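Residue numbers for the sequence shown follow this note's numbering, beginning at 20 and rising by one.
The C-beta atom is built at its ideal place from N, Cα and C for all residues, glycine as well.
On a predicted model such as this, the values are computed, not experimentally measured, just so you know.
Have a look at the structure below before the remarks.
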Amino acid sequence: MYEEEMWNADSINNLMISESCCYSNSSTKSSMRSSTSDSSSHCTSFSRLSFELHTTSSSPENYHNHTLKPHRSSDSASFQALRCAAVGGRRPLSFRDFSLIRQIGSGDISRVYLCRMRRRGRGADEEDDDNGGVYYAMKVVDREILAKKKKIERAETERKIIKMLDHPFLPTLCAEFEASHFSCLVMEYCSGGDLHSLRHKQPRKRFSITSSRFYAAEVLVALEYLHMLGIIYRDLKPENVLVKSDGHIMLTDFDLSLCSDATPAVESPESVSDPPSSPTITGSSRTPMPFSCIFSGWLFRSRKVQTTTANRMFVAEPVAARSCSFVGTHEYVAPEVASGRSHGNAVDWWALGIFIYEMIYGRTPFAGPANEATLRNIVKKPLAFPTDAPNSVGEFHARSLIAGLLNKDPERRLGSKRGAADIKTHPFFKGLNFALIRSMTPPGMKTKTTTLFGDDRWQFTAPFDFF
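Structure (structure tokens):
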């Protein structure tokens, strides 16, 4: 086992710079081919297409064409700076182009470092001041340690998942390379920390209903995207929900995720009966009209047709995925995992219920004095709230949503059949436009308004409007 000093930022800097980088076009392609086995072989076809695109992007000429993420094309200074450096330098980015500053996180299989770019061709110790002070997060994995722990497959799973992601609430892979026995992934740096640390800084160590609703909605959108790709996250917890500089969230850590298949479909609320545990989710009782009827001119003005069309929803949920692995964090694992049974997509919706509960009440509902007691509570203890009655309508709807998500029967759990499509319609999210949530002002962020006299005035959104 390596000593702790080996993970020191200065030690890694010196070790990697002293050795030639192992990053090359041929080695990258071979590693891609060898990594398409096991869990990744079950990924959807468009996920595999993402893997193939990245195998051709190591050369500077292809960097711009194949690594450009559509949702990051205009607003990511970090991504733009790296792309310009790769194209201008006429060679792939390597560890020599970065300077590690300090460690900012650690996990079971990796360490995360804050880093900056160096000036290309101007000495190894010179940092680039032309990128506007852009910082990055570099996830460093020691392959030798992983081999001893027999966790290489987990690291490969995470790497391949991050490479396929293109979503504002999920990591954007800016660069990847190898140096010595280390594998490095360079991603966007989230300066706001994580929601676990942020919650402990709030009054009474809990978020308001409004803030909890905002964070839950963004996590829900991120999980919906993952499930659409056939990825079951399996590690949702506040520590894995980072806060970016603009106040929006970013999920991180995918080494426990499960790759499966998701079949996209357009369904009506009547195509699958609602879970009995979710009485607040109501759908129209009307029978959808055939698509062929839409071509009758007068039907376009029919209120009935408009209502039916609005009720149709896009569903892409990996309902067939199954695993028997015991993975996750004890307080967040679902009953089927805690009892040793097989599990599927419903574990993410259970974790979302625990997540919302902790955001609002400052603790998880089934935590015990030890891990064994926690698992027993998850399986047998009924859900309970700190007070008998909610203090507001918002808290009432929050409890209703939590109860639906924390149904111990995965088949009856809210979201188990149609995923986020069902959860979004819950009254807790009423009035929230999920399509525009990225444009909303996050809790506690400054907003600029212009007065009648033309003066700019900055004000903070209120994150502490308790109940």
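{"Query": "Would you mind stating whether residue 239 and residue 371 have Cβ atoms separated by less than 8 Å?", "Result": "yes"}
{"Query": "Give me the Cβ distance between residue 340 and residue 279, rounded to the nearest whole Å; I'm assuming they're in contact under 8 Å.", "Result": "3 Å"}
{"Query": "Considering only residues of the same chain and omitting the five flanking positions on each side of residue 352, which have a CB-CB separation below 7 Å?", "Result": "397"}
{"Query": "Can you check which of these residues, 131, 112 and 206, is closest to residue 121 by C-alpha distance?", "Result": "131"}
{"Query": "Going straight from the alpha carbon of residue 368 to that of residue 224, what length do you get?", "Result": "24 Å"}
{"Query": "Return the first residue and the last residue of the alpha helix (DSSP H) that residue 244 is part of.", "Result": "228-247"}
{"Query": "If you draw a straight line from the alpha carbon of residue 215 to that of residue 428, how long is it in whole angstroms?", "Result": "28 Å"}
{"Query": "Any chance the region 437-446 sits against the region 199-211, with 3 or more Cβ pairs inside 8 Å?", "Result": "no"}
{"Query": "First and last residue of the beta strand (DSSP E) that includes residue 351?", "Result": "Unbroken run through residue 351: none, as it is neither H nor E."}
{"Query": "Quick one: complete alpha helix (DSSP H) runs, 4+ long, within the region 143-231?", "Result": "162-168, 171-183 and 214-219"}
{"Query": "Hey, how far is the Cα of residue 410 from the Cα of residue 253?", "Result": "32 Å"}
{"Query": "Alpha carbon to alpha carbon, what distance is there between residue 188 and residue 425?", "Result": "24 Å"}
{"Query": "According to DSSP, which residues form a beta bridge with residue 132?", "Result": "122 and 157"}
{"Query": "State the beta-bridge partners of residue 342 as determined by DSSP.", "Result": "362"}
{"Query": "How many angstroms separate the CA atom of residue 382 from the CA atom of residue 375?", "Result": "10 Å"}
{"Query": "On the three-state DSSP scale, how would you describe residue 424?", "Result": "helix"}
{"Query": "Measure the C-alpha to C-alpha separation of residue 407 and residue 414 and round it to an integer number of angstroms.", "Result": "12 Å"}
{"Query": "Between the alpha carbons of residue 266 and residue 460, how many angstroms are there, rounded?", "Result": "8 Å"}
{"Query": "Taking the alpha carbon of residue 263 as the reference point, which residue from 245, 213 and 281 has its own alpha carbon closest?", "Result": "213"}
{"Query": "How is residue 269 classed by DSSP in three states: helix, strand or coil?", "Result": "strand"}
{"Query": "What number of angstroms, rounded off, separates the C-alpha of residue 236 from the C-alpha of residue 453?", "Result": "8 Å"}
{"Query": "Between the alpha carbons of residue 167 and residue 183, how many angstroms are there, rounded?", "Result": "28 Å"}
{"Query": "With C-beta atoms as the reference, is residue 356 less than 8 Å away from residue 363?", "Result": "no"}
{"Query": "Figure out for me which residue from 230, 345 and 272 has the closest Cα to the Cα of residue 156.", "Result": "272"}
{"Query": "Which residues share a DSSP beta bridge with residue 333?", "Result": "285"}
{"Query": "In this structure, how does DSSP classify residue 455 when only helix, strand and coil are distinguished?", "Result": "helix"}
{"Query": "As a quick exercise: from 404, 287, 451 and 394, pick the residue whose alpha carbon is nearest that of residue 437.", "Result": "287"}
{"Query": "Would residue 160 and residue 227 be called neighbours here (beta carbons separated by less than 8 Å)?", "Result": "no"}
{"Query": "Start and end of the alpha helix (DSSP H) containing residue 261?", "Result": "Careful: residue 261 lies outside any alpha helix (DSSP H), inside the beta strand (DSSP E) at 260-262."}
{"Query": "Could you tell me the alpha carbon to alpha carbon distance between residue 112 and residue 196, rounded to whole angstroms?", "Result": "7 Å"}
{"Query": "Along the chain, where does the alpha helix (DSSP H) containing residue 275 start, and where does it finish?", "Result": "No alpha helix (DSSP H) contains residue 275, which DSSP labels as neither H nor E."}
{"Query": "Over the uninterrupted alpha helix (DSSP H) stretch that includes residue 399, give me the two end residues.", "Result": "390-399"}
{"Query": "Using a Cβ-Cβ cut-off of 8 Å (strictly less than) and excluding sequence neighbours within five positions of residue 378, which residues of its own chain qualify?", "Result": "214, 218, 225, 226, 230, 231, 234, 235 and 257"}
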